[in-house]
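Novice: Pasting a structure below so you can have a look.
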Amino acid sequence: MNETKNQPFTILASMLIINSNYVPGKLFIKNDGVYFKGNGQLENNEIRSQFLFDDIKHIKFGFSFKPYRIVIQTYSDSQYLFDFVPKQEGKVFVQTVKQNL
Numbered sequence: 070m071n072e073t074k075n076q077p078f079t080i081l082a083s084m085l086i087i088n089s090n091y092v093p094g095k096l097f098i099k100n101d102g103v104y105f106k107g108n109g110q111l112e113n114n115e116i117r118s119q120f121l122f123d124d125i126k127h128i129k130f131g132f133s134f135k136p137y138r139i140v141i142q143t144y145s146d147s148q149y150l151f152d153f154v155p156k157q158e159g160k161v162f163v164q165t166v167k168q169n170l
């Protein structure tokens with residue numbers, strides 16, 4: 070976790086908001102959780118932008134119809150989908166988050 074204290078681990082991802090509408094942006098890890106920052110025309114229209122480690126029940130990485138996907142499930146059983154994730158970076162990202170849960 071030392072490398073995330075000085076500089077957050079960041080990957081490109083798109084958050085699914087409604088059916089097939091996505092907010093492009095970046096997922097990044099800070100000391101207390103995972104954050105999503107949208108960019109472009111839909112910036113600041115994220116459904117949720119902060120996922121504290123204490124709120125994350127499960128995180129997984131896998132193949133989907135939109136190359137690769139990260140799914141964050143909270144203790145309230147809400148699921149947040151992030152598609153268009155690069156394969157290698159996505160795997161490392163999820164492993165890093167799991168080490169902090």
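Numbered by this note's numbering, the letters in the sequence shown go through residues 70 to 170 in order.
Heads up, the beta-carbon is just placed ideally off N, CA and C, and yes, glycines get one too.
From a predicted model like this one, the values you see are computed outputs, not experimental measurements.
Going by C-alpha distance, which of 142, 153, 168 and 127 is nearest residue 94?
Specialist: For residue 94, the nearest C-alpha among the options comes from 153.
Novice: How many angstroms separate the CA atom of residue 150 from the CA atom of residue 143?
Specialist: Cα-Cα distance, rounded: 12 Å.
Novice: State yes or no: is the C-beta of residue 161 within less than 9 Å of the C-beta of residue 78?
Specialist: Taking 9 Å as the Cβ cut-off, residue 161 and residue 78 qualify as a contacting pair.
Novice: Reducing DSSP to helix, strand and coil, say where residue 154 ends up.
Specialist: In this structure, residue 154 counts as coil in the three-state DSSP scheme.
Novice: Short of 8 Å in beta carbon distance, which residues of its chain neighbour residue 163, apart from the five on each side in sequence? Order them along the chain.
Specialist: Contacts found: 128, 129, 130 and 139.
Novice: Quick one: Cα of residue 91 to Cα of residue 102, how far?
Specialist: In a straight line, the C-alpha of residue 91 is about 22 Å away from that of residue 102.
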